[in-house]
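Colleague: Structure provided below as structure tokens; questions to follow.
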Amino acid sequence: MPMPFFAPGDDPGANFPDLLKRIGLDATMTPGGRTDVGAALGIPHATTCVALRYDGGVVMAGDRRATSGNIISHRTMEKVVQADRHSGVAIAGSAGPAMEMVKMFQLQLEHYEKVEGSALSLDGKANQLSAMVRGNLPAAMQGMVVVPIFAGYDLLRSSGRLWDFDATGGRYEEKDFVATGSGSLHAGTVIKVGYQPDLDRSAAIDLAARSLWEAADADSATGGPDLRRGVFPVVASIDVDGWARVDDDELATRYRAIIDGLSDGPDSDSSQSGVAS
Numbered sequence: 052m053p054m055p056f057f058a059p060g061d062d063p064g065a066n067f068p069d070l071l072k073r074i075g076l077d078a079t080m081t082p083g084g085r086t087d088v089g090a091a092l093g094i095p096h097a098t099t100c101v102a103l104r105y106d107g108g109v110v111m112a113g114d115r116r117a118t119s120g121n122i123i124s125h126r127t128m129e130k131v132v133q134a135d136r137h138s139g140v141a142i143a144g145s146a147g148p149a150m151e152m153v154k155m156f157q158l159q160l161e162h163y164e165k166v167e168g169s170a171l172s173l174d175g176k177a178n179q180l181s182a183m184v185r186g187n188l189p190a191a192m193q194g195m196v197v198v199p200i201f202a203g204y205d206l207l208r209s210s211g212r213l214w215d216f217d218a219t220g221g222r223y224e225e226k227d228f229v230a231t232g233s234g235s236l237h238a239g240t241v242i243k244v245g246y247q248p249d250l251d252r253s254a255a256i257d258l259a260a261r262s263l264w265e266a267a268d269a270d271s272a273t274g275g276p277d278l279r280r281g282v283f284p285v286v287a288s289i290d291v292d293g294w295a296r297v298d299d300d301e302l303a304t305r306y307r308a309i310i311d312g313l314s315d316g317p318d319s320d321s322s323q324s325g326v327a328s
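Printed below as a string of structure tokens:
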């Protein structure tokens, strides 16, 4: 494809999705232009993701399982993705459209910074993602819903911030924490009970890890830590120094501590069902 050129009054500027439309590519088009997509195709769905603020930034976490109905279609899907140095996206919903949206979002942020010479504000990034979710509404009406979480460190406010979205593109900034996906009720309850405004990074990571553990115990679509395969949730923190993913060795240690701390009562076997050994 040749390099596109625009007249001065027709330049799309820093809007990358608009640039694609101007050259005949629609970033929100459903696969193959079809109108009959939906659950009948067995499209993999991502499940549970959480984000919470701590004293100095935010922690994001997501399990690794993708399901197609009652079938586990993927065990190692990465649902928490770095958007740029100081922000990240966690996805739930139809896996294919969600991953395409994340890639487009990453390109939009990079394109804006190159054109404008400075990074978009955190509020601006949330607005851009909201517009992309809204652009997916026709596909959402066919069952291919994408419901992300956006979080990051606001350099202007010197604090972590987080947002969730609905299928129509509505964006809602949350004060302390947010959960999305099929296990969000269980994960969100764990965080709600254990959350403190003055959590440090380590405590926030522990709380996020425990929330996904409990979600996996109660929700079959949410995957718990798999010690035998070495598969653990994706957990990352974002602070003034930027994005930092927690490595699997550290997560293995934290999850073993969770196992060791479980009660030895009559429900102890069932409470360990979130782990495959």
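Heads up: the sequence shown begins at 52 in the numbering used here, then just goes up one per residue.
The beta carbon of each residue, even a glycine, is placed where N, CA and C say it ideally should be.
Please read all numbers here as calculations on a predicted model, not as lab measurements.
Taking the alpha-carbon positions, what's the Asn66 to Ser262 distance?
Modeller: Computed Cα separation, rounded: 37 Å.
Colleague: When burial is assigned at 16 or more other CB atoms within 10 Å of the CB, is Met192 buried or exposed?
Modeller: Met192 is exposed by the Cβ-count criterion.
Colleague: Pick helix, strand or coil for Val197, following the three-state DSSP scheme.
Modeller: Residue state, collapsed to three classes: strand.
Colleague: Could you tell me the distance, in whole angstroms, from the CA atom of Arg116 to the CA atom of Gly312?
Modeller: Approximately 25 Å, taken between the alpha carbons.
Colleague: Count the other CB atoms within 10 Å of the CB of Ser385; is the residue buried (16 or more) or exposed (fewer)?
Modeller: Within the shown structure, residues of the chain are numbered from 52 to 328, placing residue 385 beyond reach of any answer.
Colleague: Looking only at its chain, what residues have a beta carbon closer than 8 Å to the beta carbon of Tyr246, apart from the 5 residues adjacent to it on each side?
Modeller: Closer than 8 Å at Cβ, skipping near neighbours: Leu103, Asp227, Phe228 and Leu258.
Colleague: Would you tell me roughly how many angstroms separate the C-alpha atoms of Ser172 and Leu278, rounded to the nearest one?
Modeller: Whole-angstrom Cα-Cα distance: 39 Å.
Colleague: With a floor of 3 residues, list each beta strand (DSSP E) that falls wholly inside the segment 286-316, ordered by position along the chain.
Modeller: Correct list: 293-296.
Colleague: Would you grab the beta carbon distance between Val282 and Leu302 for me? Rounded to a whole angstrom, and I think it's under 8 Å.
Modeller: Incorrect: roughly 10 Å between the Cβ atoms, too far for contact.
Colleague: So what's Thr118 in DSSP terms, helix, strand or just coil?
Modeller: In the structure shown, Thr118 sits in a strand (DSSP, three-state: E or B).
Colleague: Please identify the residue among Gly175, Asp298, Lys176 and Gly120 whose C-alpha is closest to the C-alpha of Gly194.
Modeller: Looking at the Cα atoms, Gly120 is the closest of the given residues.
Colleague: Along the chain, which unbroken stretches of the alpha helix (DSSP H) at least 4 residues long are found entirely within the segment 175-251?
Modeller: Counting whole runs of 4 or more residues, the segment 175-251 contains the alpha helix (DSSP H) stretches 188-191 and 235-245.
Colleague: Please identify the residue among Gly221, His237, Ile122 and Glu161 whose C-alpha is closest to the C-alpha of Gln133.
Modeller: That would be Glu161, whose Cα lies nearest to the Cα of Gln133.
Colleague: Since Gly108 and Gly211 are thought to touch, with beta carbons under 8 Å apart, how far apart are those beta carbons, to the nearest angstrom?
Modeller: That pair is a contact at about 4 Å.
Colleague: Where does Arg280 sit, in a helix, a strand or coil, going by DSSP?
Modeller: Arg280: coil per DSSP, three-state reduction.
Colleague: Buried or exposed: which applies to Gly64, given that a residue is buried once 16 or more other Cβ atoms fall within 10 Å of its Cβ?
Modeller: It counts as exposed.
Colleague: Are Lys154 and Ala141 touching if we call contact CB-CB under 7 Å?
Modeller: Contact flag unset, no.
Colleague: Go to Met111, then tell me how far its beta strand (DSSP E) extends in each direction, as first and last residue.
Modeller: Taken as a continuous stretch (DSSP letters only), the beta strand (DSSP E) holding Met111 covers Gly108 to Gly113.
Colleague: Which residues bound the beta strand (DSSP E) around Gly139?
Modeller: Ser138 to Ala141 is the extent of the beta strand (DSSP E) around Gly139.
Colleague: Going by C-alpha distance, which of Val244, Gly147 and Gly203 is nearest Glu224?
Modeller: Out of Val244, Gly147 and Gly203, Gly203 has the C-alpha closest to the C-alpha of Glu224.
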